[in-house]
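Per full-length UniProt numbering: the sequence shown ends with 575, consecutive numbering throughout.
Think of the CB as a built atom: it goes at the ideal place given N, C-alpha and C, for glycine as much as any other residue.
The structure displayed is predicted, hence computed values, not measured ones.
These notes are about the structure you will find just below.
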Amino acid sequence: MKNNFLFYENLIKGIDFCLNGHSFSKHQNFWDLIVITSINQKQRKCYELQLEIKKNQGKIPKSFKFLVIDDPNGCKIGSGGSTLNVVKELFQLYSQKLYDMKILLIHAGGYSQRIPFRSILGKLFGLLPSESEYINDIFDFKLACFTPFAKDMDPGIFITSSDDIETFILEEQIEASKLFSVFDQDFILLAHKSSLNTAKDHGVYKIDFNVDSCENEPNFGCFSCQSVYQKPSIEKIRNLKMAFNDGISEYAFTDSVFFFSHKVSRELLEFHDQHFKKIIQLKIEIDIYRDFLQPLGDNKQELDQYLSTIKINNGQELDVFTKIYELMNEKPAKILFFKESKFFHLGTIDEMMEYYFDCTSKDAINFREEICFKKNIAEIKKRYLVRSKIGPKCVLNENVIIELSYFDESVEIVIGKNSLISNCMFKLNDFTGETKNIKISVPSDIYLHTVPIIDGVSDKRKFVTIFFKRNDDLKKTYASFESLKILGKNLGKIASHVLCSGEYSIWNFKFFKSFDTMSDSFLHSCNFINDYLDSNFENIHIYFQDDKKKFISLFDLLEQNDFEYMLQFRLDIGL
């Protein structure tokens, strides 16, 4: 990865450079366009502002062109539906010129319900600790990893998602990128070795692969795609002979990023014009990995096998998915595999905590080696500060992450183990209450994240600190409000205090209180967490006696958040 950093940093700096015998010019175009998807207009504006900040800071190559495209009307149409929409939008902008362009498409639209402290600014821009001045988040890693492919690949669309990182050995990657122009394929799919436990939650490729014959092969190889399966069981992986053994453990080849030619783009454009209105009307979610890739392969799945992997509600939906299968099932596809490639999925908080702290997981150890925890991160006995400042009276237990936060040196704070603090602040001159003898306690397994909002009644800026426990399921719906569980406990008799903005779920219930300052929000939220866990009903009732309009849900935050202030706070703390 360090060579990837060098490659990308030189590109940003506009330096002519040579790597592994290949010359690169500061005037050389790599991607003709980088497209990022968003779920609605507000998320699009948030992404555009973050890109603008990166440009102003000199952290994006000046020659790169960016475009953020939101899904129509904020409809949840899945990554496949978003791809159809992107192809249509690009054709309207570029007409026939589109088919001469090399495009990097990053799917980033969504609510990030499984990692809610990324819900506002997006998983794509989630910070990662690295030793590089220019490569700080998942977005930066995407550009650093994939830009070398663009030099030699044919025009087409290279697709990746926003919640994972793929790494490669750069020296071989430069050579391997020529494979994109050598093979006349509609699809080129990049594969990674994954444990069977990881593979069962991802797409798995069935390929003709002989372990012994590849021992002396170069770092990469290209294979015919036999078939593709989404989230197969471990038993199925073995039965279909998709499991291999390197003498140490079993593994399978799993999906990640992929490329398709503009021949496919033309066909997707035609499919859009025929079916997209129906997709929007029926709110059909099309998954680009499940629905575009599963019909591929020399020994592809039959239609009924493919349809069995999809929840289909009516005949019209059946017709759409059948048409997708028919569109894709004759497309030639190749698998491109790098022996030294690694894949890290960062779609949940548990995955993030594992990668940071687990000393037994091979994936976690590889993550720390590849991402390089240096310079902008302080590591003290399994405690991580990412662009944060704390005082000497702040006591951190094991497995604690604090990112983009600031706590006064004079304030006593104890943070329990396995906790995560994001975008929080406590400063005495920002706190409106009594400042003597303040002691703040964050219990173990707690996640806290402060979000600025614009109050819908007063039109003033307020602050909401959301909180939940490690095993809380934010998406789960409950039969009754009383049975809803947050912070590991049922609401029970305090349910009467809380309103809900939809189905009975943590995501929808108005449990989080707004305050005038970040410091007020952080302290009072910490106090409430302790009262709730200790069943201190007297204090809990006092907390809820305030105006109901001060309480909002996680869902409400998506509309009321002030992302501009949130980004300014990150700049202001100067870390």
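Contact set for residue i: own chain, Cβ-Cβ below 6 angstroms, skip 5 residues either direction
i    : result
L98  : L90, F91
S261 : G156, D186
V264 : D186
F367 : F344, Y355
F36  : In the sequence on display, residue 36 carries Ile and not Phe. These residues qualify, in order along the chain: Y47, V68, I106, A108.
L484 : Y478, L491, Y504
P543 : Note on identity: in this sequence residue 543 is Tyr, with Pro being the wrong assignment. Hits under 6 angstroms: F528.
F66  : I34, L51
Y325 : P295, L303, Y306
Residue from the options with nearest C-alpha to residue i
i           : options                : result
G347        : D163, I188, E503, F481 : D163
D547        : K263, Y134, T160, F515 : F515
I279        : G81, K439, I207        : G81
I106        : W31, G74, L269         : W31
F522        : F426, F141, E267, S308 : F426
E285        : R266, F321, E326       : F321
M101        : E326, F259, S525       : F259
residue 576 : N136, C526, I486       : Coverage of the chain is limited to positions 1 through 575, which leaves residue 576 absent and any answer about it impossible.
F244        : P232, S224, S195       : S195
S130        : F551, L190, N399, I371 : I371
F146        : T198, I466, S161       : S161
S308        : I446, P232, I349       : P232
D304        : I165, C526, I115, N329 : N329
L190        : L554, I207, T198, D201 : I207
D319        : L282, G74, K339        : L282
D71         : N399, R44, K59         : R44
L567        : D531, T435, N423       : N423
L269        : N299, F463, S95, I349  : S95
Q301        : C225, V411, K439, L11  : C225
Residue i classed as buried or exposed, judged by whether at least 16 other C-beta atoms fall within 10 angstroms
i    : result
V204 : buried
F117 : buried
Q545 : exposed
K277 : exposed
D459 : exposed
C359 : exposed
F253 : buried
K123 : buried
E564 : exposed
L385 : buried
P392 : exposed
K54  : buried
F511 : buried
D572 : exposed
A176 : With a pLDDT of 49 at A176, under the threshold of 50, the predicted position of this residue should be treated as unreliable, and no value is reported.
K375 : Its pLDDT being 43, under 50, K375 is placed unreliably by the model, and the measurement read from it follows with that caveat. Exposed is the call here.
K241 : exposed
G502 : exposed
L554 : buried
V400 : buried
Residues near residue i by beta carbon distance below 8 angstroms, same chain, minus five either side
i    : result
V457 : K549
S444 : N397, G416, K417, N418, S419
CB contact check: residue i to chain C, cutoff 9 angstroms
i    : result
F515 : Absent from the structure: chain C. Only one protein chain is present.
Cβ-heavy atom distance, residue i to the ligand FMN, below 8 angstroms
i   : result
L67 : Inclusion of the ligand FMN in the displayed structure is not the case, the ligand content being empty and no account of it being possible.
Same chain, Cβ closer than 7 angstroms to residue i, neighbours up to 5 away in sequence not counted
i    : result
Y289 : G203, Q230, D255
H272 : L84, V87, K88
V228 : G203, Y205, L293, Q294, L296, G297
D562 : P452, I453, I454, R461
D287 : G78, S79, G80
Q113 : L474, K475, W507
S519 : M425, F426, K427, D430, F431
I312 : L318, F321
E9   : S132, Y134
Extent of the continuous beta strand (DSSP E) run through residue i
i    : result
F337 : 333-338
H192 : 187-194
C394 : 394-396
S161 : 156-161
E250 : 250-254
Y205 : 203-207
Limits of the unbroken alpha helix (DSSP H) element including residue i
i    : result
P148 : 138-150
V86  : 78-94
E267 : 262-282
E235 : 234-239
D319 : 315-328
K300 : Note, K300: premise wrong, no alpha helix (DSSP H); not H, not E.
R368 : 362-371
R470 : It is not in any alpha helix (DSSP H) - R470 carries neither H nor E in the DSSP assignment.
Cβ contact check for the segment 558-572 and the segment 486-506: 3 or more pairs under 8 angstroms: By the Cβ test, the segment 558-572 is not in contact with the segment 486-506, since fewer than three Cβ pairs between them sit closer than 8 angstroms.
At least 3 beta-carbon pairs within less than 8 angstroms: the segment 470-478 vs the segment 422-441: Verdict: no, contact absent.
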